[in-house]
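The opening residue of the sequence shown carries number 0 in numbering that gives the first Met the number 0; numbering runs sequentially from there.
All C-beta atoms, glycine included, are put in the ideal place defined by N, C-alpha and C.
Single-structure report; data block below.
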Amino acid sequence: MTTAVTHAPSSDYDPFDPEVLKDVHLHDGTLREVAPVVRIDRYGFYAVTRHAEIQKALRDWRTFSSTDRPFYEPNPFRPNAPLMQDPPDHTQTKSVMLRIFSKDNMAKMQAYFADSASRLVDDLLADGAVSLDGYRDVAARYVLQVFPDVLGLPADGRELLLKFGDAVFNAFGPQNEHHHAKMRSGAPALEWVEANMKRELQSDGGIGWQLYTAADEGIISETEAEQLLKAVLGAGFDTTIFGISGMLRAFADNPDQWRLLRARPDLIESAFEEALRVYPPSRFGGRVALRDTKLGGISIPAGTKLLMMWLGAGRDPRKWTDPDAFRIDRHSAGSHLSFGFGIHTCAGQAVARLEAKSLLSALVDRVERIELTGAPRRAINFQAFGHETIPIRLVPAG
0 MTTAVTHAPS SDYDPFDPEV LKDVHLHDGT LREVAPVVRI DRYGFYAVTR HAEIQKALRD
60 WRTFSSTDRP FYEPNPFRPN APLMQDPPDH TQTKSVMLRI FSKDNMAKMQ AYFADSASRL
120 VDDLLADGAV SLDGYRDVAA RYVLQVFPDV LGLPADGREL LLKFGDAVFN AFGPQNEHHH
180 AKMRSGAPAL EWVEANMKRE LQSDGGIGWQ LYTAADEGII SETEAEQLLK AVLGAGFDTT
240 IFGISGMLRA FADNPDQWRL LRARPDLIES AFEEALRVYP PSRFGGRVAL RDTKLGGISI
300 PAGTKLLMMW LGAGRDPRKW TDPDAFRIDR HSAGSHLSFG FGIHTCAGQA VARLEAKSLL
360 SALVDRVERI ELTGAPRRAI NFQAFGHETI PIRLVPAG
């Protein structure tokens, strides 16, 4: 007879240890198999490790609040955002975001993204097969152009956004030397971002312009408009680059799946969703329990801070068969947690999907093979997951 575990087992696991950060899939996956909820002794919070329990918590914002998370102390790189609010504040700000990402606006973006992706891939393949870095030369180059354009940001200085995004997602963690080094390296980027958030610098029709228009209408304040613009930039830049570059890595590792996609381009959307499951650009999110509750049969006292470990949950064998395999016909949309879940699902997810779909469509039309030419190197980051280099070779279709 086995006795049911009702209290979270304790662990000396440190999610921010340098060795852990080198292979978070291995270490977060090992933690997932300990229990659905584990107490992390070093920091005093609970880690929710499995898909079902994380999804349940994200669905219940009245019990698991977003307003007081682990490691969410005030930081210049981390403005207030809808993800850190609960209703009614969250309802108001998210309504503004959903208006900005409306069907009409998305249709305009679609044409621009598709044209930009086609031009990029044609340029890359102008001289035939090409060896390059899938992170820098494809994903980052593409997103550095199109996303700041739709935000309405100036062209000069955009390369600083890579440092800004790196700092944003290393702000979510303990204030150790790694954290401080990233804050220092991101300081010039932060200056550029803050200087370019001002109303007078927004191009007509861009997302920034639309946010300030909402302020003029009295829906939000001008300060909130500036904060939201900064939050959109911080949340939708690095993560999209990591999502797209992770997708390239997955196809380079699985040439059979690239052949399948070229034969069945109707799987383009499914392919990106599966890439987000295997290589989610965000590793975890935070919550706080507002009342005594249970997850997975484990008691969670009121006031407990929690990390929702959705990178490990993306490969939970209780949810997916053969979870480490990249299979583009798996149809992961709506089941992975990379865009959040419940009321805090990412308001800009349609933009990220559209960017990825546009680029992938251009590649499928023009590239016969994506070959790995060296060992990919992962970025060392507290919260984001991604690669800092992916050496690949693009072989054009005949």
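- According to DSSP, residue pairing for residue 288 in a beta bridge involves 63.
- Close CB contacts of residue 396 within its chain, under the 7 Å cut and outside five residues either way in sequence, are with 365, 366, 367 (chain order).
- Non-local beta-carbon contacts of residue 152 in its own chain, meaning distances under 6 Å to residues more than five positions away in sequence, involve 195 in chain order.
- The count of Cβ pairs closer than 8 Å, one atom from the stretch 259-271 and one from the stretch 303-310, stays below three, leaving the stretches out of contact.
- Between residue 137 and residue 291, the alpha-carbon positions lie close to 47 Å from each other.
- Straight-line spacing of the CA atoms in residue 361 and residue 128 works out to 15 Å.
- The C-beta distance from residue 235 to residue 351 rounds to 6 Å, short enough to meet the 8 Å contact threshold.
- Here residue 231 carries a helix assignment [DSSP, helix/strand/coil].
- Around the beta-carbon of residue 32, fewer than 16 other beta-carbon atoms lie within 10 Å, marking it exposed.
- Scanning its chain for C-beta atoms nearer than 7 Å, with the 5 sequence neighbours on each side dropped, one finds around residue 348 the residues 338, in chain order.
- Ranked by Cα distance from residue 198, the options 221, 183, 190 are led by 221.
- Here DSSP, grouped into helix, strand and coil, assigns residue 294 to strand.
- When C-beta atoms of the stretch 103-116 are compared with those of the stretch 319-330, fewer than three pairs fall below 8 Å, so the two segments do not count as touching.
- By the C-beta criterion, the stretch 237-248 is judged to be in contact with the stretch 277-290, since at least 3 inter-stretch pairs fall below 8 Å.
- By the C-beta criterion, the stretch 181-189 is judged not to be in contact with the stretch 205-216, since fewer than 3 inter-stretch pairs fall below 8 Å.
- Nearest in C-alpha terms to residue 200, of all of 188, 177, 225, is 225.
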